[in-house]
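Peer 1: Counted the way this note's numbering counts, the sequence shown spans residues -3 to 609. Beta carbons: idealized from backbone N, C-alpha and C, even for Gly. One structure follows; several queries about it will come next.
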Amino acid sequence: MCGIVGYIGNNAVDEILLSGLKSLEYRGYDSAGIALNDNQGIDVFRAKGKLQNLTEVIKAKHISNRQVSQGIGHIRWATHGEASIENAHPHLSNDGKLVLVHNGIIENYKELKDELIKQGYHFFSQTDTETIVHLIDREYKRVSSLEQAVIRAISMLKGAFALCIMHHDEADKIIAVRKNAPLIIGVGKNENFIASDIPALIGKTQAIIHLEDNELAIVKKDSVVVKSFDGKILNKPVETVNIAQDAISKQGYKHFMIKEINEQPQIVRKMISTHMSSPQQSIRFENIDIEELIENIDKIEIIACGTSLHAAQVAQYMIEDLCNINVTVEAASEYICKKHLTNNKTLSIGISQSGETADTITAIKQAKEKGAKILILTNRPDSSIVRYAKYVLPLNAGIEVSVAATKSYTAQLTALCLLSLAMAEKQKNTNPEQLLPIKQELLMLPTKIEEVIYSSTTIKKCAEKYNGYKNFFYLARGINIATAQEGALKLKEISYINANSYAAGELKHGPIALLDNNMPILALLPQHSKTFEKMLSNCEEARARHAHLIAMTNSEINKKELFDDTINVPEISEFLSPLLFSVPLQLFAYYFADSLNLDIDQPRNLAKSVTVE
Ligand code: M6R
-3 MCGIVGYIGN
7 NAVDEILLSG
17 LKSLEYRGYD
27 SAGIALNDNQ
37 GIDVFRAKGK
47 LQNLTEVIKA
57 KHISNRQVSQ
67 GIGHIRWATH
77 GEASIENAHP
87 HLSNDGKLVL
97 VHNGIIENYK
107 ELKDELIKQG
117 YHFFSQTDTE
127 TIVHLIDREY
137 KRVSSLEQAV
147 IRAISMLKGA
157 FALCIMHHDE
167 ADKIIAVRKN
177 APLIIGVGKN
187 ENFIASDIPA
197 LIGKTQAIIH
207 LEDNELAIVK
217 KDSVVVKSFD
227 GKILNKPVET
237 VNIAQDAISK
247 QGYKHFMIKE
257 INEQPQIVRK
267 MISTHMSSPQ
277 QSIRFENIDI
287 EELIENIDKI
297 EIIACGTSLH
307 AAQVAQYMIE
317 DLCNINVTVE
327 AASEYICKKH
337 LTNNKTLSIG
347 ISQSGETADT
357 ITAIKQAKEK
367 GAKILILTNR
377 PDSSIVRYAK
387 YVLPLNAGIE
397 VSVAATKSYT
407 AQLTALCLLS
417 LAMAEKQKNT
427 NPEQLLPIKQ
437 ELLMLPTKIE
447 EVIYSSTTIK
457 KCAEKYNGYK
467 NFFYLARGIN
477 IATAQEGALK
487 LKEISYINAN
497 SYAAGELKHG
507 PIALLDNNMP
517 ILALLPQHSK
527 TFEKMLSNCE
537 EARARHAHLI
547 AMTNSEINKK
557 ELFDDTINVP
567 EISEFLSPLL
577 FSVPLQLFAY
587 YFADSLNLDI
597 DQPRNLAKSV
607 TVE
């Protein structure tokens, strides 16, 4: 949800900013812009749409021979105001001396804007951000110090903001500010960097300072001073991060999404071996004492959004099945609108790939305030959500660049499966022998995922056959309802197809009215499920309404007259089937979108981390 960068030093500022923004493009691509500060003044370059458009604007201006030593940049996911050049950041003060970029939302911008207009400020955009520029500018004119002006202005702001601010009269510094939106400082030699996320710093520096909420940094070429919003100097540790350049390169794959799908067997294999040395041994998590985790707990609630919410739904089945604990699942954006019976006997589990999803952070904060124990599953253990957690389960799936989540989902499911087994092992009434077959089968999962990936030609052909349809149904029952939802979400996100998932038994209660020969159905049919026969009956009902049917199954169903196409999946138990069936669904969506030549890694209107509520 918007990405910001800053650089101060002697190297090519425009190139550093552009390469930083390139690595943050997953955060938004409605517009891009940079501002450069040198002794001639501040120059702003902005373009609507993707970063490439900005690169062309900059190329046309031949700026490379200027002596610039500082700059800031932004890529936008539009909130206030459409995607346009006027609304693109950076935003300038009326006298052209102050410039800033912003990630977040200013909730009280309307009142502040009205006040500033009355005081004579002119606004040129519809953004909430422009209010911050004029507010700081007003304070600067009162106190003649950028740092003091920033501190005064931010005390008047409500909402979320990560900011990089430059002033022409104080061209020795960039001020970076953080409140409820991520921001890090990259420490170099005679140069320093600012960024929303680590990928923007890969190849530039490994030394990083994480800003916390309510902190600001005065970043100069040869120093970084971090202060609290009340002006106190803080002694912040400089951490070393070790992320290889190829973690954010496609490595020969056409898209990040297919690269990330292919990484899944390895991620799952590593996760299983990290926590389970053999099926006979208990499952262990570093820094999580499972006994302590479930001690005095009478309820578990799982909170997440999007794909992570689907992982939560699968976990609900797993935990209830193995542990006999009542589990509720809630979309984070809904959790915060409801009265909850969360208390100190609740274990609240937050799931977030990015750890920066605003809805999930707010919900988890509320659960914590009500006394719940907090466990967070995240792919980014350095992210904002972690600070509310007593326990953290890292997903270790590596940086996920594609906006459509794939490998993080499979990592979430694997972690949740291991967690449910570990909790079951600690239950007094569980016989460990009952869990053994699941643990043994889990060891085979990476190879089965590999088999699915090797058979992707069939899936590709099937996806291409159906790519002319504008609507799709996904049907499943039980633990795989969430799998169907996730499959439909993948198709929706990257193909813009109206794909909807239903609990197959619900079809006859309404959605069946939509069926005709223009509505293909993808039915998930894990053979060993309690509801396999019922699923087949639901497919018959759909067939009778002339719907085209694709079976995704590990069974040898010989029903040529019922199914138009079959996607075969290796043998798997119902309990583990969500971990396997999600992979052919990802491939189906990928090849569907690819055959339509769509922008798979950066689908329209979306961003990877949704840092606004
Ligand atoms: O980073 P998070 O897991 O909290 O993100 C939640 C959703 O925004 C995310 O899963 C989204 O639905 C993805 N685009 C799905 O592919």
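Check this for me: beta carbons of residue 297 and residue 344, under 8 Å apart or not?
Peer 2: yes
Peer 1: Tell me whether residue 474 counts as near ligand 1, meaning its Cβ is closer than 7 Å to at least one heavy atom of that ligand.
Peer 2: no
Peer 1: From which residue to which residue does the beta strand (DSSP E) around residue 313 run?
Peer 2: Where residue 313 is concerned, there is no enclosing beta strand (DSSP E), although the alpha helix (DSSP H) it sits in stretches over 302 to 319.
Peer 1: State yes or no: is the C-beta of residue 164 within less than 8 Å of the C-beta of residue 38?
Peer 2: yes
Peer 1: Within the present structure, is the beta-carbon of residue 606 separated from the nearest heavy atom of ligand 1 by less than 7 Å?
Peer 2: yes
Peer 1: DSSP state of residue 3, grouped into three classes?
Peer 2: strand
Peer 1: For the pair the stretch 108 to 122 and the stretch 80 to 100, tell me if three or more CB-CB distances fall below 8 Å.
Peer 2: Segments in contact, yes.
Peer 1: What's the gap between the Cα of residue 68 and the Cα of residue 31?
Peer 2: In a straight line, the C-alpha of residue 68 is about 5 Å away from that of residue 31.
Peer 1: Looking only at its chain, what residues have a beta carbon closer than 6 Å to the beta carbon of residue 470, apart from the 5 residues adjacent to it on each side?
Peer 2: If we look at residue 470 and ignore the five residues flanking it on each side, its Cβ neighbours are 480, 483, 484, 497 and 518.
Peer 1: Quick check on DSSP: helix, strand or coil for residue 280?
Peer 2: Residue 280 falls in the coil class under three-state DSSP.
Peer 1: May I ask you to report which of helix, strand or coil DSSP gives residue 127?
Peer 2: Helix at residue 127.
Peer 1: Tell me which residue opens and which closes the alpha helix (DSSP H) that residue 415 is part of.
Peer 2: In this chain, the alpha helix (DSSP H) harbouring residue 415 covers 403 to 422.
Peer 1: Just confirm the distance between the C-beta atoms of residue 546 and residue 260, as a whole number of angstroms; I'd bet it's less than 8 Å.
Peer 2: Contact doesn't hold; Cβ gap of about 22 Å is too wide.
Peer 1: Using only the alpha-carbon positions, how far apart do residue 553 and residue 535 sit?
Peer 2: 12 Å
Peer 1: Does the stretch 198 to 211 come into contact with the stretch 223 to 234, if we say contact requires no fewer than three beta-carbon pairs (one atom in each stretch) closer than 8 Å?
Peer 2: yes
Peer 1: With 16 as the cutoff for other CB atoms within 10 Å, does residue 175 come out buried or exposed?
Peer 2: buried
Peer 1: What distance in whole Å lies between the Cβ atoms of residue 16 and residue 196, which are believed to be in contact at a cut-off of 8 Å?
Peer 2: 4 Å
Peer 1: One question on the structure: do residue 400 and residue 253 come within less than 8 Å of each other, judged by their Cβ atoms?
Peer 2: The answer is yes: Cβ separation under 8 Å.
Peer 1: Within 10 angstroms of the Cβ of residue 457, are there 16 or more other Cβ atoms? Answer buried if so, exposed if not.
Peer 2: exposed
Peer 1: By alpha-carbon positions, which one of 258, 472 and 411 ends up nearest to residue 443?
Peer 2: 258
Peer 1: Check residue 206 in the structure and name its three-state DSSP category.
Peer 2: strand
Peer 1: With DSSP as the reference, please indicate the residues paired to residue 387 in a beta bridge.
Peer 2: 371
Peer 1: Can you round the beta-carbon distance between residue 346 and residue 370 to whole angstroms, since I take them to be within the 8 Å contact cut?
Peer 2: 7 Å
Peer 1: Looking at the strands, I want to know which residues DSSP matches up with residue 162.
Peer 2: 95
Peer 1: If you drop the 5 nearest sequence neighbours on each side, which residues of the same chain put their C-beta closer than 8 Å to that of residue 493?
Peer 2: 465, 466, 467, 468, 487 and 588
Peer 1: Quick one, are the C-beta atoms of residue 189 and residue 100 less than 8 Å apart?
Peer 2: No, they are not a contact pair.
Peer 1: Which residues in the same chain as residue 224 place their Cβ atom closer than 7 Å to its Cβ, once the five residues preceding and following it in sequence are excluded?
Peer 2: 210, 211 and 230
Peer 1: Provide the residue span of the alpha helix (DSSP H) that contains residue 110, from first to last.
Peer 2: 105 to 114
Peer 1: For residue 149, which of helix, strand or coil comes out of DSSP?
Peer 2: helix
Peer 1: Give the secondary structure of residue 69 by DSSP, where H, G and I count as helix, E and B as strand, and everything else as coil.
Peer 2: strand
Peer 1: Taking only three categories from DSSP, how would you classify residue 543?
Peer 2: coil
Peer 1: Provide the residue span of the alpha helix (DSSP H) that contains residue 483, from first to last.
Peer 2: 477 to 491
Peer 1: Under DSSP, the alpha helix (DSSP H) around residue 568 begins and ends at which residues?
Peer 2: Where residue 568 is concerned, there is no enclosing alpha helix (DSSP H), given that its DSSP letter is neither H nor E.
Peer 1: Please confirm whether any heavy atom of ligand 1 lies closer than 7 Å to the CB of residue 452.
Peer 2: Not so, every heavy atom of ligand 1 lies at least 7 Å from the Cβ.
Peer 1: Tell me whether the beta-carbon of residue 192 lies closer than 8 Å to the beta-carbon of residue -1.
Peer 2: yes
Peer 1: Helix or strand or just coil, what does DSSP make of residue 225?
Peer 2: Annotated three-state conformation of residue 225 is coil, per DSSP.
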